[in-house]
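To start, the structure itself, in structure tokens.
Numbering (full-length UniProt numbering), first residue to last: 1 to 1245.
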């Protein structure tokens, strides 16, 4: 069955049920007016009206940043704000008097349809506006339509007359008193007026006609309504009791207190509130999915007659005993007349508005803020308030648009996959290459332009390829079969660059860094590829896509963002037109293999032929027979007799391998090493070797050179759908993961980056791997999910994250700065991903986590490697956390994600990081005291002394000894915490059983421990495909003290160590060597003929490109030379000298140890003092639980709420996107807020 049809059926059934349940429980609460104390009933009715406002207030406080530049000035105009205050008071007054004075007096069959009368003024205003808008004295047709609309508006006025008539009838027939009949008409008309869309819009509109300040205004209006509701509840209590206001106030408070014990009214109240909230949420979902007819319109039609039928049925047969009609007013002639008026008031809105009552929004996935005027709802007038609040045309703000607005190149998503490599093992590299191949062959991503760039540290040294470069090239041959494509090789100032097109059409770039020329490490590799992509590849991609779109339009073909087979040379792509100039095929490095080999056995291929030429005359080219040799012990090292040279007018800094497609023989990757390493003489065009201080005709002062100025375009050159997919070299992912990240970023232009769900796997299955599997899962389930909702993810790790190029552009110059201070080592060099994300947030970008973007990576399989990795992670995490806290005022002012709730969450996490060692020590020693009776003081002193000794060992002992001591302490502390947890669980279970048996079960503070533990089980249930990971939590429990006590001590003690820590000892696998085609001498005439034949074949297609663009190569070489000389070279931006930095790190270690000991000692003394002054066993457990709850409780509650909301929202959006593939409705896009600086300047004006 079609998903849309199924969702329509489910939506109609579910929302009809909820609306009917809400109506029935509402009548049940009215029925209890005569069966409960007045104070309790008034308190319950106040809760009914106040809960929606409280929910709206929490939602507003949750997602509003008050200190953001420009937001403080986003307020409605003075007249609108005053009108909003008046309307808020009118609304609260009308609601509470209608509910408490009129509701219990009217017959339920009359009351239910009467509620629709609040729609009357919407009909009048809607048709009156339409009539006046199209009124034209010179156009008869428009005048006719105008008159019809005005007539409908006049008919709408009948509803107003009927409301007044009903008031008179109820008053004169003594169904209501005269005062109550007046309250009936005035309250309904006041609600209709205040909820009328025109009035509601006016109260939040600023002078420029937009409503960007409605959040600020809505907070004030909501607080005001809550205050008025409570004050009027006291007034009504006073009217019923005829006591003083003070006694009425305390009487109402007693009513709220009585709700705990009044189960009859409490049960009905809870059901009513839950049904209303779920119906409200489902209506929002229906609008978001463009299924408003089944989710809103039809349920609101059926709910009133269905409710009336159920009441009559229940009253006649007495099945549910919801309400006794006989207990209320009996039917008289006046009652029947009132019922007729109520039915007319119910029918008129539906008859006049028809299906246009709730039309579908103009785009799918439109946010609730854009679909609805206000952030609240109403439990009494549930469906009516929904109709009045709904705005299908959208709320006019600066920040929303649909995907239909995007055309041409900006509509095509562009992804540049960038991978940094270091010393990965063969099986790790293989995973990445297979993932890239899957993306290249994917049909789901055929509409997405993609390129792959791999940057390998120590990839080459001069003309020699490194061992890991050979390993990678061997994998490219054996796993991706790239030998059947063409290879283009460049000598670059940073090392070597190789280019292919993968099977499927994705360009693949391999950048081999020479660490003698450019700086090593991951951050500088990132600076390298970021500059290259933004300076060159993005422009190339835009030009290619533009031409391809035009070609597809001309040929009436769907757009496919893949290169054709004959588009070999994508390096110089700039046209899709036929080339009048014969393309020049570059000379292959293989022609330089004029070699003599020693101690080798030769294997010669058949009569396969390859052809080469350079820009000099063809007669000057030399061809000779060459073979690839296998040495019994490995690769044979050729001795080169010949050199590849070029004429002065050619820019032969590159080579092109061509003609191997039909050879049937695989290409040995080691031959490139043989070609390059053996003193190949590669001449660079003198034009390229000129100084670069005259690029683009602009004189550049070397002392004031800005890396952004020569090659980087302006930020306006990058559209919002251009991304960098950063991956690690051991990642495994598929097209669905990339597509999920892409949809996430395309749908919200506020996002600077989005990360996926990373699953760690180990080379071997060990407890240390199982611990990391649970830790990753828990952090992604709870922390990142919650951060998504309350603000922004703090870090999108570079292992698998999609970065928006426009966001990266803004921070590139800052990101490429050298490390001068000791803290820079951990912020910039070892915490580069976290630092990049911090810089993004400082510039107003939001970061997001995508649940379904699954990927896997290898994690450390040994304790030693784990400690080294976590030492680097912990120090960088702490350094970046301090950086965030230091710049928190700036972040609050520049980023809308930093709401009040998010700031509270971050501050608490910051405090937990500082005092977690002391808290964990007390947790262990106090637990041993409670469970086994071991004196609290003695174990605490022993543990502190043990940690001091461990700190000294970590500072002065060799790495191996540190590892052995750490393993021993992990076992000791893990055993202790396991005993505490198990003993504590046994005590709590026995205590609960004892209280149940003695019938004295009450909430105890130590039950908080159950809630903290159950929250993890709840998180696992929300992720059913990962629920099994919860069993690995036992290893997490065992490692808990190691992570919170030992690891901080180990990290701070080893703060001087600047090594990367992982893969430092890896050895490359020996690459497999196979035959390379033999190169034979050919006569000039035959070669010329073959060359012409190839050229004619290439030019016969309309999809050809220039295979070589001399000018583009020169410009790119200048770019790389500039980048090396001023940014990434080994002699520039080197930062503080190594010895000076080591001294700074030693001083930093002393400061950190001192601060660490002082903070945790003070905290342990405070906790110890509290614990030693508690005597009873239960009190000790309660204190233990209270401390744990105060430390982790707030963050856990925020995480639970955020995780639930995010999981629900993310799952629904995923299904919506899948179901939308057939209908292809335009998607709603949330655009980025105005720049803080612009907003600030605007406010000053």
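For each residue, glycine too, the CB sits at the ideal point set by N, CA and C. Since the structure is predicted, the reported quantities are computational estimates derived from the model, not experimental observations.
- The beta-carbon distance between residue 1031 and residue 977, rounded to whole angstroms, is 18 Å. This is too long to meet the 8 Å contact definition.
- For the 8 Å CB-CB criterion, residue 800 and residue 851 do not form a contact.
- A straight-line Cα-Cα distance of about 10 Å links residue 105 and residue 99.
- For residue 716, there is no enclosing alpha helix (DSSP H), as DSSP gives it neither H nor E.
- The bridge partners DSSP lists for residue 791 come to none.
- Remark: C-beta atoms of residue 265 and residue 44 approach each other more closely than 8 Å.
- Taking residue 909 as the centre and dropping the five residues before and after it, the same chain places the C-beta of 1195 closer than 7 Å to its C-beta, in chain order.
- Annotation for residue 413: 448, 721 and 742 place their beta carbon closer than 6 Å to its own, counting only its chain and skipping 5 residues before and after.
- The Cβ-Cβ distance between residue 238 and residue 230 does not fall below 8 Å.
- Sorting 1028, 26, 848 and 818 by C-alpha distance to the C-alpha of residue 311 places 26 at the top.
- The way I'd put it, the segment 868 to 887 doesn't touch the segment 754 to 771; fewer than three beta-carbon pairs between them come closer than 8 Å.
- Residue range 449 to 456 is occupied by the beta strand (DSSP E) that includes residue 453.
- Shown here for residue 247: same chain residues with a beta carbon closer than 8 Å to its own, the five before and five after excluded, namely 241 in chain order.
- In the DSSP assignment, residue 495 forms a beta bridge with 492 and 513.
- Rounded to whole angstroms, the gap between the alpha carbons of residue 1199 and residue 838 is 21 Å.
- When beta bridges are read from the DSSP output, residue 414 appears opposite 449 and 722.
- When beta bridges are read from the DSSP output, residue 759 appears opposite 856.
- Annotation: residue 198 to residue 524 spans about 56 Å, alpha carbon to alpha carbon.
- As summarised for the segment 1172 to 1236, the continuous alpha helix (DSSP H) elements at least 4 residues long and confined to that stretch are 1177 to 1223, given in chain order.
- Each of 463, 428, 24 and 158 was checked against the Cα of residue 381, and the nearest Cα belongs to 24.
- With contacts defined by Cβ atoms closer than 8 Å, residue 214 and residue 204 form a contacting pair.
- Per the DSSP secondary-structure output, residue 802 pairs in a beta bridge with 725 and 754.
- DSSP, read as helix, strand or coil, puts residue 364 in strand.
- In the structure shown, the three-state DSSP call for residue 877 is helix.
- About 10 Å separates the beta carbons of residue 506 and residue 438, which is beyond the 8 Å limit, so they are not a contact pair.
- Assignment of beta-bridge partners to residue 1129 by DSSP yields 518.
- With a 10 Å radius around the Cβ and a threshold of 16 neighbouring Cβ atoms, residue 831 comes out buried.
- Ranked by how close their Cα comes to the Cα of residue 123, the residues 102, 498, 93 and 156 have 156 in first place.
- Non-local C-beta neighbours of residue 169 in its own chain, meaning closer than 6 Å and more than five positions away in sequence, comprise 334, 337 and 338, ordered along the chain.
- Rounded to the nearest whole angstrom, the CA to CA distance from residue 469 to residue 1020 is 42 Å.
- Rounded to the nearest whole angstrom, the C-alpha separation of residue 1014 and residue 1197 is 12 Å.
- Here residue 94 is buried. Its C-beta has 16 or more other C-beta atoms within 10 Å.
- Shown here, residue 839 sits in a helix according to DSSP, grouped into three states.
- A direct Cα-Cα distance of roughly 25 Å separates residue 823 from residue 902.
- Separation of the CB atoms of residue 370 and residue 389 is rounded to 12 Å, and the pair is thereby denied contact status at 8 Å.
- By the Cβ test, the segment 750 to 759 is not in contact with the segment 442 to 458, since fewer than three Cβ pairs between them sit closer than 8 Å.
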